[in-house]
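Peer 1:
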Amino acid sequence: MTETHTGKQSRNGKKPVQLTEGVEVTISGREVTAKGPKGELKHTVPAEVVVEQQEGKVTVRPAPAAGKLGLQYQGLTRAILNNMVEGVATGYQRSLDFRGVGYRAEFKNGQLKMTVGLSHQPLLDIPKAVTVKIETIDEAGTKFPRVHLESPDKQLVGRIAARIRQVRPPEPYNGKGVRYTGEHIKEKAGKAGKAGV
Numbered sequence: 047m048t049e050t051h052t053g054k055q056s057r058n059g060k061k062p063v064q065l066t067e068g069v070e071v072t073i074s075g076r077e078v079t080a081k082g083p084k085g086e087l088k089h090t091v092p093a094e095v096v097v098e099q100q101e102g103k104v105t106v107r108p109a110p111a112a113g114k115l116g117l118q119y120q121g122l123t124r125a126i127l128n129n130m131v132e133g134v135a136t137g138y139q140r141s142l143d144f145r146g147v148g149y150r151a152e153f154k155n156g157q158l159k160m161t162v163g164l165s166h167q168p169l170l171d172i173p174k175a176v177t178v179k180i181e182t183i184d185e186a187g188t189k190f191p192r193v194h195l196e197s198p199d200k201q202l203v204g205r206i207a208a209r210i211r212q213v214r215p216p217e218p219y220n221g222k223g224v225r226y227t228g229e230h231i232k233e234k235a236g237k238a239g240k241a242g243v
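Sequential numbering from 47 applies to the sequence shown in my numbering.
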């Protein structure tokens with residue numbers, strides 16, 4: 047028997063969110079706040095669920111008469127709250143490599159300036175909730191900048207990383223561009239390579 051997506055969500059939604067040491071959660075009406083070593087996050091839960099806290103755990107259950115929507119939101123809300131707790135405890139990281147001759151990255155006054163072979167140097171405003179660090183990587187004699195992003199907000203750090211990558215996505219023929227650290231670029235053969243020249 048195949049389990050439905052809703053079934054998985056409701057099953058996972060029943061699991062309590064464990065609070066790690068140093069993390070504090072407060073519930074005020076439908077607003078849930080998580081505080082920890084890496085920062086503070088807030089989330090307004092839908093009316094279809096009820097969130098409760100006891101003995102170092104946060105539980106989510108469907109609100110009375112919420113029906114199927116309550117079960118759907120139970121799993122989703124539990125996942126969001128779990129990400130919040132993990133985020134304020136340890137943070138979420140994403141790194142990007144700038145691969146290309148003369149490629150550079152500079153972070154100053156809340157803006158990331160990128161030199162990536164374009165006619166201009168794109169500037170990207172970085173939210174205060176995201177920490178940026180830049181290091182130079184030497185890989186087999188080839189040096190390139192690596193930009194590290196960290197934030198307690200999982201969705202935010204992923205969104206900012208995607209925007210940086212979009213500035214100069216990796217080219218399929220030579221791999222030049224901005225890529226996620228560890229991302230494998232399947233390079234295509236050029237016309238000369240296809241012709242066997």
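The beta carbon of each residue, even a glycine, is placed where N, CA and C say it ideally should be.
Would you call the segment 81-100 and the segment 134-146 in contact, with 3 or more CB pairs under 8 Å?
Peer 2: With a cut-off of 8 Å, the segment 134-146 and the segment 81-100 count as touching, because enough Cβ pairs lie within range.
Peer 1: Please classify Q120 as buried or exposed, where buried requires at least 16 neighbouring CB atoms within 10 angstroms.
Peer 2: With 16 or more other Cβ atoms within 10 Å, it is buried.
Peer 1: Enumerate in chain order the residues of its own chain whose CB-to-CB distance from R209 is below 8 Å, with the five nearest sequence positions on each side excluded.
Peer 2: Hits under 8 Å: L170.
Peer 1: By DSSP, does L170 sit in helix, in strand, or in coil?
Peer 2: Three-state result, L170: strand.
Peer 1: Should T227 and D143 be called a contact, given that it needs their Cβ atoms to be closer than 7 Å?
Peer 2: Going by C-beta atoms, T227 is nearer than 7 Å to D143.
Peer 1: Quick one: what does DSSP say T123 is sitting in, helix, strand or coil?
Peer 2: It is helical.
Peer 1: I'd like the ranges of any beta strand (DSSP E) spanning at least 3 consecutive residues and lying wholly in the segment 134-194.
Peer 2: You should have 138-145, 150-154, 157-161, 169-171, 177-185.
Peer 1: Excluding five sequence neighbours on each side, which residues of the same chain lie with their C-beta closer than 8 Å to the C-beta of E70?
Peer 2: Cβ neighbours of E70 beyond the five flanking positions: A80, K81, G82.
Peer 1: Would you mind stating whether H94 and G75 have Cβ atoms separated by less than 7 Å?
Peer 2: The sequence shown places Glu at residue 94, rather than the His named in the question. Contact: no.
Peer 1: Whose C-beta lies closer than 7 Å to the C-beta of V213 among residues of the same chain, with five residues either side of it excluded?
Peer 2: Here the set comprises M160, V162, P168, V224.
Peer 1: As a quick exercise: from T188, S141, H166, pick the residue whose alpha carbon is nearest that of E229.
Peer 2: Answer by Cα proximity: S141.
Peer 1: According to DSSP, is L202 part of a helix, a strand, or is it coil?
Peer 2: In this structure, L202 counts as helix in the three-state DSSP scheme.
Peer 1: Could you say which of Q139, V176, V131 lies nearest to F153 if we only look at CA atoms?
Peer 2: The option with the nearest alpha carbon to F153 is V176.
Peer 1: Where does the unbroken beta strand (DSSP E) through H89 begin, and where does it stop?
Peer 2: Note, H89: beta strand (DSSP E), 85-90.
Peer 1: By DSSP, does V71 sit in helix, in strand, or in coil?
Peer 2: Three-state result, V71: strand.
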